[in-house]
Structure formats: structure tokens, C-alpha cells
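Novice: Numbering (our numbering), first residue to last: 2 to 485.
Idealized CB from N, CA, C, for every residue including glycine.
My questions will all concern the structure given below.
Take a look at the structure:
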């Protein structure tokens with residue numbers, strides 16, 4: 002029994018290590034972008050695809066990765082994804098042209114889309130609902146949310162101390178060790194009634210999500226009301242609509258539509274769409290503020306976000322205590338309220354601000370609130386789910402996070418850019434450097450305010466739509482009875 006107990010926690014360490022790499026790579030590249038642009042001769046228009054190609058494949062293949070884990074085997078898909086991610090990381094570091102780097106970043110995103118849902122479903126099938134799963138998902142959530150902040154720090158250190166290639170090379174030994182140890186130490190599991198693989202459904206949902214994510218990430222440059230944006234969005238929605246129609250008539254669907262009747266899962270994923278937009282905005286706009294307004298160098302900018310990682314870790318630890326005392330629903334609402342307060346504080350950043358006075362308090366509130374949000378939201382999204390749907394539920398959760406983050410960032414970037422342009426045009430004279438900085442800050446203030454509103458709306462939706470009995474299985478010791 003003790004050996005089995007030990008293996009469960011070793012499994013948690015391995016899947017968290019792989020997830021840390023995946024989340025790390027979503028942000029680690031941001032600080033190195035100027036160096037990459039110079040070395041590989043990227044045009045300004047193409048540079049965004051170092052990030053977008055990863056996001057596109059990651060978001061597009063998450064549902065497929067999650068269901069494949071249920072059908073093929075969660076351990077097999079997890080290891081395959083880890084190997085693919087590591088190989089792609091090596092190729093990224095060896096890339097000698099902009100086209101090669103964009104292609105290999107897409108391959109890396111595909112590997113991430115296999116790793117993330119498989120890893121989360123391994124946790125939910127390894128740890129039973131209750132205190133053990135709460136503790137395990139507390140660690141998972143701290144890693145998942147804190148990896149973005151660590152990525153900014155590590156990206157700055159590696160880029161300045163070595164070269165941009167090392168932001169990718171660092172994944173190779175970690176990924177190799179994780180794959181080897183996972184093959185020996187993680188137990189295999191799959192859905193008992195998996196059935197045949199739904200090829201048509203897989204093609205439709207993957208194509209639909211990829212087109213939709215592409216429309217979102219390009220909306221700022223194309224224009225939200227442009228024919229290209231609206232056309233792409235229409236194609237994406239049409240593909241997803243056909244996918245729903247096919248799934249409702251298929252005997253062995255890729256996505257069992259009945260899973261959305263689980264109220265806890267449906268509400269948690271809807272709320273996560275909003276919350277993820279706020280979190281993505283924090284890293285993006287706060288990074289721009291410390292570098293373009295406060296004048297921080299990359300490594301100093303990375304260290305500026307180290308408190309965010311600590312805040313999330315402390316919040317995730319606090320959540321494990323609060324969930325037992327006040328329940329998972331109340332903890333999630335409280336976490337979002339605190340995070341929103343942090344974002345509202347950041348909405349007042351001035352052009353002549355300082356890190357300690359104007360940025361740090363907001364970052365600490367936001368990060369602590371996020372730690373107290375992601376743990377309960379993950380628990381809510383995975384409770385009441387049958388073991389055979391663990392991978393599907395994990396894929397849905399990760400898809401909500403990625404699509405919500407991409408959509409939120411695209412919308413908030415547009416709002417910020419519009420405010421900056423409006424401010425500069427209203428000056429009545431040719432803007433100087435100080436005017437341009439003030440215009441940027443005006444845009445950042447709008448973005449942080451909008452992000453705070455998104456998170457606040459998420460808290461309201463959770464309070465209104467989720468009932469205590471919907472999450473009774475998370476805290477059975479509280480004695481909540483489930484009404485018929």
C-alpha cells in the first residue's frame with residue numbers, strides 16, 4: 002500500500018514537470034523576441050508567429066489530445082506528447098531561418114496539446130475525489146499558473162547569459178528524463194468503453210478550433226469588423242456546428258455531448274474562458290509596461306515577475322485550506338474577487354510610476370487571487386466526471402483556458418491600441434517620446450480595467466449558476482447532501 006501511495010505522488014511530480022515545460026514555453030519566448038528577430042531576420046509582421054504558431058496548434062488539438070488519451074491510453078499519449086515536445090524544442094534551438102522556427106514552434110504546440118490533457122486526466126484518475134485530489138490539483142494549479150511568471154524570468158536570464166537558443170534547449174534534458182521515468186513509473190489507464198476512434202469528428206473539431214483561434218489572434222491586425230476576420234470566424238463556427246451535428250448522430254463520438262449536462266463542468270469551463278483572458282492580459286501588458294515605460298532590461302523584467310510565481314504558489318496552498326473550511330465554490334468566488342481587485346489596482350499605473358508602488362501591490366493581489374481561483378476551478382471542472390471521460394474533460398478544460406486567453410488578449414489588445422491612438426490623435430501636435438509613453442499607459446489602463454471586469458463577471462456567473470450540491474463530491478466531509 003505504501004509503495005502504491007508513493008507511486009501516486011511520483012506520478013504527480015512527473016506530470017507536473019511536463020506541464021511546467023508546456024506553460025513555460027507559452028511565455029519564455031516573449032522576452033527573447035527582439036533577439037530572435039535580429040538573429041533570424043524576422044519581419045515585424047512575421048515575428049508574432051513565433052508565438053501564434055504555438056498557440057494555434059496547442060489550442061486546436063487539445064480536444065483531440067484529450068480524447069486520444071482516453072481511447073489510446075493516457076500514459077502512451079502523455080509520453081508521446083513529451084517526446085514530440087522535446088524533439089521540437091531541440092529543432093527550435095537549431096533553427097536557422099524564420100520559416101523553420103515558426104514550423105518547429107507549431108510542432109511544439111502539437112506536443113503540448115497531447116501533454117496537457119493527458120497529464121490532467123492522469124491526475125484525476127490517479128487521485129480520488131476529496132482531500133487527496135485537492136492536494137494534487139493544488140500542486141498542479143500552482144505549476145500551471147506560476148509557469149508563465151517563471152517563463153518570463155528564465156527567458157530573460159537565458160537570453161542575456163547565453164543566447165535565445167537556450168530557451169528551447171533547456172527543455173530537451175528535462176523532457177527526455179520525464180519520458181524515460183514516466184515509461185517506468187506511471188501506470189497506464191484508458192476508458193473501459195472507448196469504442197472506435199471518431200476520425201470525422203476529430204478532423205472537424207480540430208479544423209474548427211484552429212480556424213477560430215487563427216481568426217482571434219489575427220483580429221487586431223485584420224480588424225474585428227473586416228471581411229477576413231468575420232469570414233474566418235464564420236468558417237470556424239460553421240465547422241464546429243457541423244461537428245456538433247456529427248457528434249449527436251455518431252455511435253462512438255469524439256466528444257460525448259452529454260458531458261455538457263454536467264452542470265459543474267459546463268459552468269467551470271464558461272467561467273475559465275473569462276478568467277483566462279484576464280490572466281493572459283496581466284502577463285502581456287505588465288511585461289510591456291515594465292520594459293517600455295519603466296525601462297527594465299529583459300533579465301530585470303523577468304525578476305519583476307518572480308513575486309507572481311510566489312503569490313500563485315501561496316494562493317494555491319491557501320486554497321487547499323480554504324476549500325475544506327468554506328467549500329470549493331466560495332473559495333473560487335473569493336479568489337476571483339481578490340484577482341479582480343489586483344487588476345483594478347493595476348488600472349491606475351502612471352507614466353512616471355515605480356515598480357514597488359504602482360505595480361507590485363497589484364501583481365501580488367492578482368497572483369494570490371489566481372492561486373485561489375485555479376485550484377477550485379480545476380476541481381469544479383473535473384468533479385462528477387466518469388473515469389472514461391477524464392481525458393475529454395481535461396481537453397475541454399485546457400481548450401477553455403487557451404481559447405479564452407487568446408480571445409481575451411486579442412480583444413484587450415484592440416481596446417488598448419484604440420485608446421492609445423485616440424489619445425495621441427487628440428493631442429493636437431506631433432507626439433514626442435513622453436507623449437507616446439503616456440499614450441501607451443492610457444492603453445494599458447484600459448486593458449487592465451477590462452481584464453478586471455472579465456474576472457469580476459466570472460465570479461458573478463459562478464455565484465449565480467453553480468449550486469452547492471453541484472460540487473458536493475469535492476468536499477464530502479462537509480456533509481452537503483445532493484438533492485434529487
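May I ask which residues mark the beginning and end of the alpha helix (DSSP H) holding residue 248?
Specialist: 228-250
Novice: What's the C-alpha gap between residue 89 and residue 108?
Specialist: 6 Å
Novice: Alpha carbon to alpha carbon, how far is residue 24 from residue 158? Give it in angstroms, no decimals.
Specialist: 17 Å
Novice: Check whether the Cβ atoms of residue 14 and residue 124 sit closer than 8 Å, and answer yes or no.
Specialist: no
Novice: Taking 8 Å as the threshold (C-beta atoms), are residue 282 and residue 409 in contact?
Specialist: yes
Novice: So what does DSSP say about residue 482, is it helix, strand or coil?
Specialist: Low local confidence applies: a pLDDT of 36 at residue 482 is under 50, so the model's placement there is unreliable, with the coordinate-based value given in what follows. Residue 482 falls in the coil class under three-state DSSP.
Novice: Given a threshold of 16 other Cβ atoms within 10 Å of its Cβ, counted over all protein chains shown, does residue 480 qualify as buried or as exposed?
Specialist: For residue 480, the predicted model reports a pLDDT of 43, less than 50, meaning its position is unreliable; a value from the coordinates is still stated below. So residue 480 ends up on the exposed side.
Novice: Within the same chain, show all residues whose beta-carbon is closer than 7 Å to that of residue 444, passing over the 5 residues directly before and after it, in chain order.
Specialist: A distance below 7 Å between beta-carbons, with the five flanking residues on each side excluded, links residue 444 to the following residues of its chain, in chain order: 417, 418, 420 and 421.
Novice: Using three-state DSSP, classify residue 387 as helix, strand or coil.
Specialist: coil
Novice: Quick one, which of 71, 474 and 467 has its alpha-carbon nearest residue 253's?
Specialist: 71
Novice: At the level of alpha carbons, what is the spacing between residue 374 and residue 415?
Specialist: 26 Å
Novice: Leaving aside the five residues before and after residue 304 along the sequence, list all residues of the same chain whose C-beta is less than 7 Å from its C-beta, in chain order.
Specialist: 154
Novice: Starting from the Cα of residue 465, find the closest Cα among 269, 451, 363 and 362 and give me that residue.
Specialist: 269
Novice: Threshold first: 4 residues or longer. Then list the alpha helix (DSSP H) segments lying entirely within the region 282-348, N to C.
Specialist: Taking only runs of at least 4 residues, the alpha helix (DSSP H) segments lying wholly in the region 282-348 are 299-305, 307-327 and 329-347.
Novice: Here's the rule: buried if 16 or more other CB atoms are within 10 angstroms of the residue's CB, otherwise exposed. What is residue 39?
Specialist: exposed
Novice: Anyone know if the C-beta pair for residue 400 and residue 474 falls short of 8 Å?
Specialist: no
Novice: Nearest-angstrom Cα distance between residue 236 and residue 213?
Specialist: 8 Å
Novice: Tell me the residue span of the alpha helix (DSSP H) that contains residue 435.
Specialist: 434-466
Novice: With DSSP as the reference, label residue 11 as helix, strand or coil.
Specialist: helix
Novice: Quick one, are the C-beta atoms of residue 240 and residue 455 less than 8 Å apart?
Specialist: no
Novice: Can you tell which of 57, 379, 31 and 432 has the C-alpha that lies nearest to the C-alpha of residue 217?
Specialist: 57
Novice: Alpha carbon to alpha carbon, how far is residue 329 from residue 380?
Specialist: 8 Å
Novice: Is the region 313-328 close to the region 289-302, with three or more CB pairs under 8 Å?
Specialist: no
Novice: Quick check for students: name the residue ranges of the alpha helix (DSSP H) that lie wholly in the region 16-78, counting only runs of 4 or more.
Specialist: 45-48 and 50-73
Novice: When you compare only the Cα positions, how much space is there between residue 33 and residue 160?
Specialist: 6 Å
Novice: Sort 367, 74 and 347 by Cα distance to residue 358 and report the nearest one.
Specialist: Considering only alpha carbons, the answer is 347.
Novice: Contact defined as beta carbons within less than 8 Å: I believe residue 73 pairs with residue 191. What is the distance between those atoms, to the nearest angstrom?
Specialist: 7 Å
Novice: Between 294, 126, 257 and 29, which lies nearest to residue 439 when the distance is taken from Cα to Cα?
Specialist: 294
Novice: Confirm, please, whether the CB-CB distance from residue 277 to residue 406 is below 8 Å.
Specialist: yes
Novice: State the Cα-Cα distance for the pair residue 100 and residue 413, rounded to the nearest angstrom.
Specialist: 28 Å
Novice: Just to confirm, are residue 80 and residue 180 a CB contact at a threshold of 8 Å?
Specialist: yes
Novice: If you reduce the DSSP assignment to three classes, tell me which class residue 124 lands in.
Specialist: helix
Novice: Throw me the rounded Cβ distance for the residue 321 and residue 135 pair, which I believe falls under 8 Å.
Specialist: Contact between residue 321 and residue 135 is confirmed by a C-beta separation of about 6 Å, below the 8 Å threshold.
Novice: Is it right to say residue 426 is buried, meaning 16 or more other beta carbons lie within 10 angstroms of its own, or is it exposed?
Specialist: exposed
Novice: Which residues in the same chain as residue 352 place their Cβ atom closer than 7 Å to its Cβ, once the five residues preceding and following it in sequence are excluded?
Specialist: 294, 438, 439 and 442
Novice: With 16 other CB atoms within 10 Å as the buried threshold, where does residue 176 fall?
Specialist: buried
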